[in-house]
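What follows is a set of notes on a single structure, which appears directly below.
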């Protein structure tokens, strides 16, 4: 899924290209590993 904006409103749409979808998932995984949600704040 990706976010698109139209007339000031945002909505989710599917990603039709498998390679783009794979790249988005890879980037998400890297971001989560770099900053896990369950990490205690100091």
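Residue numbers (this note's numbering): 648 to 689.
Ideal Cβ positions, reconstructed from N, Cα and C, are used throughout, including at glycine.
This one's a predicted model, so the numbers in the text were calculated from it and none came from an experiment.
Look at residue 652 here: in three-state DSSP terms it is strand. Taking 8 Å as the cut-off, the Cβ atoms of residue 651 and residue 660 count as close. Here the alpha carbons of residue 671 and residue 665 stand approximately 10 Å from one another. Residue pairing from DSSP places residue 657 in a beta bridge opposite 652.
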